[in-house]
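Novice: Here it is, the structure, as structure tokens.
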Amino acid sequence: MQRILVTGGAGFIGCNFIHYIMEHTGLHVTALDKLTYAGNIESLAGLPPERFEFVQGDICDAPLVDRMTAGVDAVVHFAAESHNDNSLQDPRPFVDTNLVGTFTLIEAARKHSTRFHHISTDEVYGDLALEDPQRFTESSVYRPTSPYSATKAGSDMLVRAWVRSFGLQATISNCSNNYGPYQHVEKFIPRQITNILDGNRPRLYGNGHNVRDWIHVEDHSSAVAAILERGRIGETYLIGADGEQSNRVVVEKLLRQMGQSPEAYDLVTDRPGHDLRYAIDSSKLRKELGWVPRFADFDAGLADTVRWYQDNEAWWRPQKAATETKYAGQGH
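Going by full-length UniProt numbering, the residue at position 237 of the sequence shown is 237; the numbering climbs one at a time, nothing skipped.
Listed below in structure tokens is the structure:
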């Protein structure tokens, strides 16, 4: 494998994966991104031009996708509409990108016999009760609860069907909630960090007891690299770092790390269909591929993320006002 195509390469997880690949391998990387509000070309600044190129385009553009897939050894598909709140306001872009876009890509990969890795989410499994000792596994039943998770579940099913029906050389990974550098300020952790930096009180939906299984984006990147290199075709791997934390605890940790009172936040009306708890069992990935997370200590990963946002205001500042205006218009 010498050349790979990364869709959604200017997005949060895609750009971090590209930085990881550029640092740890000799692969040539082409990034394809539509550059919607969630894509930021500045996230890819400074990469060596002899090994990296960027193409602005839509994964639903079949002729473009066909040309780009023909010239690479593998496609790593990160591109997605991924924000639950946005999917409740306007589901259509989620159908277009997550379903039609994935279909377009796997058809091109099938035509050119190109290795394909599909990035998905633990949200396709629905949620767990707060007191439930269970975790999601590769055999968990799909129970999506939002337009976002439903379209991601549909894209997973498309990939599986293309593996079975057409012999697509594909793998799938479902990952827990990511945090780290280059994440858009509409997302939970960077929104809280930037609110605190701006002197504003963080806000939590409901009672703040909803639990997410957090993983640093660098650990997600290393797991995807391991699956791309050593994963068994047709298999699904769950990616998690044993990072279960309630939203309330995360905000209190951030406030403490940033020198504020841990009680300096407000509770607001919960959003519709807010999942209670996600939890990942990543034992298959660890046992089969020997993967282990670097940021096993959530507090250390959170401190690393806080430092990045403190040091990179020029990256996130242009997004901030528009994000807060949008949330204010939605009553949040």
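Cβ coordinates follow ideal geometry from the N, Cα and C atoms, glycine included.
Does the region 212-224 come close enough to the region 235-246 that 3 or more CB-CB pairs lie under 8 Å?
Specialist: A contact exists between the region 235-246 and the region 212-224.
Novice: Kindly identify the DSSP beta-bridge partner or partners of V76.
Specialist: The partner list for V76 (beta bridge, DSSP) reads V6 and H117.
Novice: Does the separation of the CB atoms of V211 and Y265 fall below 8 Å?
Specialist: For V211 and Y265, no; Cβs fall outside 8 Å.
Novice: Which of helix, strand or coil does DSSP assign to H216?
Specialist: Strand.
Novice: Can you say whether R92 is buried or exposed, counting buried as having 16 or more other CB atoms within 10 angstroms of its CB?
Specialist: Result: exposed.
Novice: Nearer than 7 Å: is that true of the beta carbon of G243 relative to any heavy atom of the ligand ZN?
Specialist: This structure lacks the ligand ZN; in fact it carries no ligand of any kind.
Novice: For G180 and R110, I'd like the C-alpha separation in whole angstroms.
Specialist: Near 33 Å, if we compare the C-alpha coordinates of R110 and G180.
Novice: What is the DSSP secondary structure of A45, counted as helix, strand or coil?
Specialist: It is coil, neither helix nor strand.
Novice: Using the three-state DSSP reduction, which class does I18 fall into: helix, strand or coil?
Specialist: Reduced to three states, the DSSP call for I18 is helix.
Novice: Report buried or exposed for N312, applying the criterion of at least 16 other Cβ atoms within 10 angstroms of its Cβ.
Specialist: Classification of N312: exposed, given that the 10 Å Cβ count is below 16.
Novice: State the Cα-Cα distance for the pair V251 and D270, rounded to the nearest angstrom.
Specialist: Roughly 16 Å separates the two Cα atoms.
Novice: Output the residue ranges of the alpha helix (DSSP H) runs that lie fully inside the region 247-294 and measure 4 residues or longer, sorted by chain position.
Specialist: Within the region 247-294, the complete alpha helix (DSSP H) runs of at least 4 residues are 247-257 and 283-289.
Novice: Going by beta carbon distance, what residues of the same chain come within less than 7 Å of Q134, once the five residues before and after it are set aside?
Specialist: Excluding sequence neighbours, Q134 sits near L128.
Novice: What is the DSSP secondary structure of H28, reduced to helix, strand or coil?
Specialist: The answer is strand: DSSP assigns H28 an E or B state.
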